[in-house]
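A.B. asks:
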Amino acid sequence: MPSGRTHDAITFLLAAPAFALTYGVIGGIPEASTVAGAFIFGGLMFGPDLDTVSRQYSRWSIFRLLWFPYRSFFKHRSRFSHGLLFGALIRVVYFLGIITLIGFLAVYCAAAFSGGQLPGVEQIANVWRPVGDMTRDLLGQNFPVLIFFGLWLGAASHTFTDMAGSYVKTGRVAKFL
179 MPSGRTHDAI
189 TFLLAAPAFA
199 LTYGVIGGIP
209 EASTVAGAFI
219 FGGLMFGPDL
229 DTVSRQYSRW
239 SIFRLLWFPY
249 RSFFKHRSRF
259 SHGLLFGALI
269 RVVYFLGIIT
279 LIGFLAVYCA
289 AAFSGGQLPG
299 VEQIANVWRP
309 VGDMTRDLLG
319 QNFPVLIFFG
329 LWLGAASHTF
339 TDMAGSYVKT
349 GRVAKFL
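Just add 178 to the spot in the sequence shown (first one is 1) and you have the working numbering.
#1: Have a look at Cys287, Arg237, His260 and flag the residue whose alpha-carbon is nearest the alpha-carbon of Ala334.
#2: Have a look at Leu324 and Trp238 and give me their C-alpha separation to the nearest angstrom.
#3: Check this for me: beta carbons of Val213 and Gly328, under 8 Å apart or not?
#4: If you draw a straight line from the C-alpha of Phe282 to the C-alpha of Ile188, how long is it?
#5: Is the separation between the beta-carbon of Leu262 and that of Thr337 shorter than 8 Å?
#6: Residue range of the alpha helix (DSSP H) that Ser259 falls in?
#7: What does the alpha-carbon distance come out to for the pair Gly265 and Ala198?
#8: State the CB to CB distance for the pair Gly332 and Phe217, rounded to an integer number of angstroms; the pair is presumed to be in contact (CB under 8 Å).
#9: Drop a sphere of 10 angstroms on the beta-carbon of Gly275, count the other beta-carbons inside from all chains shown, and report buried for 16 or more, exposed for fewer.
#10: Am I right that Leu228 and Arg255 are in contact with their C-beta atoms under 8 Å? What's the rounded C-beta distance?
#11: For Val270, which option in Phe326, Ser181, Ala193, Gln301 has the closest C-alpha, if you only look at C-alpha atoms?
#12: Check Pro322 in the structure and name its three-state DSSP category.
#13: Between which two residues does the alpha helix (DSSP H) containing Ser181 stretch?
#14: For Ala284 and Pro247, what's the separation of their Cα atoms in angstroms?
#15: Between which two residues does the alpha helix (DSSP H) holding Ser211 run?
#16: Can you give me the start and stop residues for the alpha helix (DSSP H) that Ser292 sits inside?
#17: In whole angstroms, what separates the C-alpha of Leu316 from that of Gly294?
Here it is as structure tokens:
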């Protein structure tokens, strides 16, 4: 398989075409920049090798503990980690779930230590609503879709590179779909 350095180089090399493709289809620099940025993040930090002790995993530094359950649950190079269809989706859902759990635990601990009550869903929504409004104003309504598309492309470039490496070594492509 290609080394982490090769995957990183391919990520940086393909970020410009991802930007150009998005700009050609959508026509906006903020949208194209969002996809290209997510592509780079997806390739360097959010790719399929988070299921092993890899460059991607190590880059999370002290936050790599967030990925330990993911590593324990998914077999390396399975359809669910390296798969084109489900790999990025599973990582995004997993990451959002972990962040939600950590946020809930932080709010719960703050309420427990201060003697207050847990805020309701509406109170939490009111706190986050201005953040969502500002994000949509700055980056557009399709921001979440563009982020996911960029993350998916970054992970797909990793998977395609692994498939090419498998083909060169063995003459066949492993099952990644």
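For every residue, glycine included, the Cβ atom is placed at its ideal position computed from N, Cα and C.
C.D. replies: Let's see:
#1: Selected option, being the one with the closest Cα: His260.
#2: Pairing Leu324 with Trp238, the inter-Cα distance amounts to about 23 Å.
#3: Contact: yes.
#4: If you take the alpha carbons of Phe282 and Ile188, they lie about 37 Å apart.
#5: Taking 8 Å as the cut-off, the Cβ atoms of Leu262 and Thr337 count as close.
#6: Element bounds for Ser259: 257-260.
#7: So the alpha carbons of these two residues sit roughly 24 Å apart.
#8: About 4 Å; that satisfies the 8 Å criterion.
#9: Exposed is the label assigned to Gly275, since fewer than 16 other Cβ atoms lie within 10 Å of its Cβ.
#10: Wrong, their Cβ atoms sit about 12 Å apart, outside the cutoff.
#11: Of Phe326, Ser181, Ala193, Gln301, the residue nearest in Cα terms is Phe326.
#12: If DSSP states are grouped into helix, strand and coil, Pro322 belongs with the helices.
#13: Annotation: Ser181 is outside any alpha helix (DSSP H) and is labelled neither H nor E by DSSP.
#14: One alpha carbon belongs to Ala284, the other to Pro247, and they sit about 19 Å apart.
#15: 207-222 is the extent of the alpha helix (DSSP H) around Ser211.
#16: 265-292 is the extent of the alpha helix (DSSP H) around Ser292.
#17: About 35 Å.
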